[in-house]
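So in the numbering used here, spot 56 of the sequence shown is number 312, and the numbers just go up one at a time.
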Amino acid sequence: MGDRGTSNHSEVTDFILVGFRVRPELHILLFLLFLLVYAMILLGNVGMMTIIMTDPRLNTPMYFFLGNLSFIDLFYSSVIAPKAMINFWSESKSISFAGCVTQLFLFALFIVAEGFLLAAMAYDRFIAICNPLLYSVQMSTHLCIQLVAGSYFCGCISSILLTSVTFTLSFCASRAIDHFYCDYRPLQRISCSDLYLHKIVSFFLCSIIILPTIIVIIVSYMYIVSTVLKIRSTEGRKKAFSTCSSHLGVVSVLYGAIIFMYFIPDRFPELSKVASLCYTLVTPMLNPLIYSLRNKDVKEALRKILGKKLFLFNSILTMI
């Protein structure tokens with residue numbers, strides 16, 4: 257257990273984020289890559305929220321959920337990316353104890369909220385395709401707000417529990433976290449506490465978060481596929497599948513990476529870092545592209561906004 261003065265987690269004032277174990281000259285390349293991806297995340301998600309809020313035609317449950325998805329993607333990537341980019345240039349690569357707690361808490365909150373939000377979106381598509389005549393009644397504004405608020409509430413409760421359990425550990429072995437952000441599994445590796453109960457609690461939390469949302473998504477899409485296959489029109493089937501394929505793509509990338517990260521034994525730290533990139537940066541970057549490029553309403557709204565900006569720009573040039 258080591259020295260009692262160092263075994264108490266309250267004595268730890270900061271941690272070191274090891275990041276990627278690559279040659280120093282590659283840090284510049286990684287910094288530029290992170291910067292490019294983060295810029296695309298900011299542009300794509302802020303753009304998506306702007307389009308949804310400014311176009312009255314997008315005032316529907318589906319786009320209400322999409323706007324919140326962009327909000328979540330924007331914020332949880334912002335919890336990770338800026339600090340990771342700073343550490344590419346920093347020699348110390350340190351993060352304060354409070355900063356580490358905050359990073360884990362906010363990341364867990366938003367990633368769990370996204371999981372529940374994706375389940376709500378699957379339910380929305382189920383009602384829209386399987387019960388289209390009752391869609392406006394069943395997917396009321398009140399229910400949509402409740403589903404989104406419930407997603408954030410579940411994220412907050414899960415985050416409080418996970419963060420509390422993680423930072424009751426004693427960190428006496430090392431301050432070096434073998435990851436590019438504060439996550440609970442890398443923190444377990446540097447703890448000198450008995451991890452048996454902690455791992456059970458962590459696994460239980462992951463299970464009650466991931467399994468119910470996956471079940472809702474799978475059951476919803478089983479009904480959706482069954483209904484779509486009954487549509488006689490080829491064009492109708494194509495349109496129905498088109499509205500769902502984007503959502504399925506996002507779900508597959510996000511849940512595939514999370515399941516690999518948290519349910520597979522923690523034996524390959526470097527591989528875990530690559531997997532975590534999928535849901536910390538890749539998914540938030542791809543979501544706006546997937547939903548905008550495959551959505552006629554969003555593309556039309558974007559053309560309308562760009563047309564207004566171009567008209568305004570031309571008017572200013574004419575006045576000058």
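Just so you know, even glycine gets a beta-carbon here, dropped at the ideal spot from N, CA and C.
The structure presented is a predicted model; accordingly, all values stated were derived computationally and were not measured.
Q: Kindly give me the distance between the Cβ atoms of D311 and K560, rounded to whole angstroms, as I take these residues to be in contact under 8 Å.
A: Your numbering for residue 311 matches position 55 in the sequence shown. Your numbering for residue 560 matches position 304 in the sequence shown. Right, their Cβ atoms sit about 7 Å apart.
**Q.** Simplified DSSP assignment, three categories, for S532
**A.** Residue 532 sits at position 276 when you count from the first residue of the sequence shown. Helix at S532.
Q) Are C356 and C438 closer than 7 Å when you measure CB to CB? A) By one-based count along the sequence shown, residue 356 stands at place 100. By one-based count along the sequence shown, residue 438 stands at place 182. Going by C-beta atoms, C356 is nearer than 7 Å to C438.
Q: Using only alpha-carbon positions, find the residue among G371, L314, V457 that is nearest to P225.
A: There is simply no residue 225 to check, as the chain begins at 257 and stops at 576 in what is shown.
Q) Can you tell me whether DSSP reads S489 as helix, strand or coil? A) By one-based count along the sequence shown, residue 489 stands at place 233. Three-state DSSP puts S489 in coil, outside helix and strand.
Q) Under a three-way DSSP split, which group does S334 fall into? A) Here residue 334 refers to the residue found at position 78 of the sequence shown. Three-state DSSP puts S334 in a helix.
**Q.** T539 classed as buried or exposed, judged by whether at least 16 other C-beta atoms fall within 10 angstroms
**A.** Indexing the sequence shown from 1 puts residue 539 at position 283. Buried: at least 16 other Cβ atoms inside 10 Å.
**Q.** Rounded straight-line distance, which links the Cα of I433 to that of L285
**A.** As a working mapping, residue 285 is identified with position 29 in the sequence shown. As a working mapping, residue 433 is identified with position 177 in the sequence shown. Cα to Cα, L285 sits roughly 22 Å from I433.
Q. Looking at Y391 and I385, is the spacing between their C-beta atoms short of 7 Å?
A. On the sequence shown, position 129 is the one that residue 385 refers to. On the sequence shown, position 135 is the one that residue 391 refers to. Taking 7 Å as the Cβ cut-off, I385 and Y391 do not qualify as a contacting pair.
Q.
Just to confirm the assignment: which complete beta strand (DSSP E) runs, minimum length 3, are found wholly within the stretch 350 to 420?
A. 350 to 352
Q: With I446 as the anchor, note down where its alpha helix (DSSP H) starts and where it stops.
A: Locating residue 446 in the sequence shown gives position 190, counting from the first residue. No alpha helix (DSSP H) holds I446; DSSP gives it neither H nor E.
Q. Would a C-beta distance cut-off of 7 Å place L537 and V274 closer than the cut-off?
A. In the sequence shown, the residue the question calls residue 537 occupies position 281. In the sequence shown, the residue the question calls residue 274 occupies position 18. Result no, Cβ atoms of L537 and V274 do not sit closer than 7 Å.
Q | Proximity of Y332 and F363 at Cβ, strictly below 7 Å | A | If you number the sequence shown from 1, residue 332 lands on position 76. If you number the sequence shown from 1, residue 363 lands on position 107. Cβ distance < 7 Å, so Y332 and F363 count as in contact.
Q | Reduced DSSP secondary structure (H/G/I, E/B, other) of S266 | A | In the sequence shown, counting from the first residue as 1, residue 266 sits at position 10. Low confidence applies here, because S266 scores a pLDDT of 45, under 50, leaving its location unreliable; read the following figure in that light. Note: S266 maps to helix in three-state DSSP.
Q. To which residues does DSSP link F271 through a beta bridge?
A. Taking the sequence shown and counting its residues from 1, one reaches residue 271 at position 15. Bridge partners of F271: I351.
Q: Using 10 angstroms around the beta-carbon of D380, count the other beta-carbons present and answer buried if the total reaches 16, otherwise exposed.
A: One-based indexing of the sequence shown puts residue 380 at position 124. Buried, by the Cβ-count rule.
Q.
Does the contact criterion of 3 or more C-beta pairs under 8 Å hold for the stretch 392 to 407 versus the stretch 316 to 331?
A. yes
**Q.** Status (buried if at least 16 other CB within 10 Å, exposed otherwise) for M304
**A.** By 1-based counting over the sequence shown, the position of residue 304 is 48. Label assigned to M304: buried.
**Q.** Neighbourhood of S263 by C-beta distance below 7 Å, restricted to the same chain and skipping five residues each side
**A.** Reading the sequence shown from its first residue, position 7 is the one you call residue 263. Any reading at S263 needs caution, since the residue's pLDDT is 43, under 50, leaving its predicted position unreliable; the model's value is listed next. Result list for S263: M257, S426, C428, C448, in chain order.
**Q.** Close beta carbons around F366, own chain, < 6 Å, minus the five adjacent residues each side
**A.** By 1-based counting over the sequence shown, the position of residue 366 is 110. Excluding residues within five positions, the ones whose Cβ falls inside 6 Å are I328, F331, Y332.
Q) At what residues does the alpha helix (DSSP H) containing N315 begin and finish? A) Indexing the sequence shown from 1 puts residue 315 at position 59. Neither: N315 is in no alpha helix (DSSP H) and is coded neither H nor E.
Q) Can you pull the DSSP bridge partners for I433? A) Translated into the one-based positions of the sequence shown, residue 433 becomes position 177. The partner list for I433 (beta bridge, DSSP) reads L273.
Q.
Within 8 Å, do at least three Cβ pairs link the stretch 507 to 519 to the stretch 414 to 426?
A. no
Q. For L573, which residues from the same chain have a beta carbon less than 6 Å from its beta carbon, with the 5 sequence-adjacent residues on both sides left out?
A. What you label residue 573 is simply residue 317 of the sequence shown in a count that begins at 1. In this prediction, L573 has a pLDDT of 48, which is less than 50 and means its spatial position is unreliable; nothing more can be read from the coordinates.
Q: Put E281 into one of helix, strand or coil per three-state DSSP.
A: Your numbering for residue 281 matches position 25 in the sequence shown. Residue state, collapsed to three classes: coil.
Q) Helix or strand or just coil, what does DSSP make of F423? A) Along the sequence shown, one-based indexing puts residue 423 at 167. F423 falls in the coil class under three-state DSSP.
(Q) Quick check on R523: does DSSP put it in helix, strand or coil? (A) Locating residue 523 in the sequence shown gives position 267, counting from the first residue. Coil at R523, not helix or strand.
Q) How many angstroms separate the CA atom of L314 from the CA atom of V302? A) Numbered from 1 along the sequence shown, position 58 holds the residue referred to as residue 314. Numbered from 1 along the sequence shown, position 46 holds the residue referred to as residue 302. Each residue's alpha carbon lies about 16 Å from the other.
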